[in-house]
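Below you'll find the structure, written out as structure tokens, and then a few comments.
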Amino acid sequence: MIPFKYHAVEDLTILYFASFFIYFLFLGLIVLWFIDGKIKKEQVVHALFACLFAWVIASLIKHFFPTLRPFIINGREIDVFLRPNDGAFPSEHTTLAFALAVTVFMHDRRVGWIFLIGALVVGVARVLANVHYPIDIIGGAFLGTLVAVIVEKTHFLDLINRFSPRHELSSKKRE
7 MIPFKYHAVE
17 DLTILYFASF
27 FIYFLFLGLI
37 VLWFIDGKIK
47 KEQVVHALFA
57 CLFAWVIASL
67 IKHFFPTLRP
77 FIINGREIDV
87 FLRPNDGAFP
97 SEHTTLAFAL
107 AVTVFMHDRR
117 VGWIFLIGAL
127 VVGVARVLAN
137 VHYPIDIIGG
147 AFLGTLVAVI
157 VEKTHFLDLI
167 NRFSPRHELS
177 SKKRE
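If you read the sequence shown in this note's numbering, its first letter stands for residue 7, the second for the next number, and so on.
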């Protein structure tokens with residue numbers, strides 16, 4: 007529990023990072039793909055699949071093992087755009103942010119560090135916004151990282167292409 011109340015500027019800053027900053031991380035992925043060329047189509051698809059799988063797993067955990075959120079326990083107002091009505095553990099925002107950031111990191115470490123810092127900022131803002139406990143953020147970061155590594159290391163797109171050659175997702179040509 008945070009024992010002090012924020013002022014308007016701090017509230018808006020926390021609201022931005024807790025609710026909206028994650029969209030800029032996804033926008034950054036698209037910018038890297040289209041403009042900079044640092045990220046290839048296959049890497050974007052890996053990131054999106056990692057995010058999708060991580061989100062599904064986090065949602066299932068929240069559904070089957072619901073936990074109360076801090077604002078329900080401590081009664082303090084929350085600083086997010088939409089009031090969450092599901093469980094707290096793990097943080098879906100943090101799970102998605104880390105799945106995206108770790109995927110980018112595995113392809114380009116320099117840019118990946120920026121995304122990892124952004125993912126950490128999302129998690130910290132969710133705690134400051136009073137919608138998550140630190141353990142929710144740690145769990146989300148772990149889950150997002152784990153799923154991103156699994157998607158990357160299993161060469162997930164190759165598995166999909168093996169079963170669906172007509173809809174080749176990989177940027178590599180099949181022989």
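For each residue, glycine too, the CB sits at the ideal point set by N, CA and C.
Note that the coordinates shown come from a computational prediction; the quantities given were computed from them, not determined experimentally.
Pick from the options that is closest to residue i, judged by C-alpha positions
i, options, result
"Q24", "I141, W119, A154, V130", "Note that residue 24 is Ala in the sequence shown here, rather than Gln. The shortest C-alpha separation from A24 is found at V130."
"T73", "K159, E158, G145", "G145"
"I79", "Y139, L152, K47", "Y139"
"I143", "A105, D114, R115", "A105"
"L152", "I36, Q49, A56", "A56"
"D114", "Q49, I41, I36, F26", "Q49"
CB of residue i within 8 Å of CB of residue j, strictly
i, j, result
"G124", "L58", "no"
"G93", "F77", "no"
"V110", "F121", "yes"
"G150", "A60", "yes"
"V117", "V155", "no"
Expected contact under 8 Å - CB spacing of residue i and residue j to nearest Å
i, j, result
"A103", "V128", "4 Å"
Neighbourhood of residue i by C-beta distance below 8 Å, restricted to the same chain and skipping five residues each side
i, result
"H161", "none"
"P9", "Residue placement at P9 is poorly supported in this model, since its pLDDT is 45, which falls under 50; the coordinates still yield a value, given next. None."
"M112", "G118, A154, V155, E158"
"I194", "Lying outside 7 to 181, the shown extent of the chain, residue 194 is not represented and no answer is given."
"I141", "F95"
Spatial neighbours of residue i in its chain, beta-carbon cut-off 6 Å, leaving aside the 5 residues before and after
i, result
"G34", "none"
"H69", "none"
"A147", "T100, F104"
"M7", "For M7, the pLDDT reaches just 42, beneath the cut-off of 50, and the residue's location in the model is therefore unreliable, although a value from the coordinates is still provided. Around M7: N80."
"R75", "A94, V137"
Own chain, CB closer than 7 Å to residue i, minus 5 neighbours either side, in chain order
i, result
"I28", "H99, L102, A103, V128"
"I41", "none"
heavy atom of the ligand ATP below 7 Å from residue i C-beta
i, result
"A105", "No copy of the ligand ATP appears in this structure; indeed no ligand is present at all."
- Message: For the structure I just gave you, are there three or more beta carbon pairs, one from the stretch 90 to 105 and one from the stretch 60 to 69, closer than 8 Å?
- Response: yes
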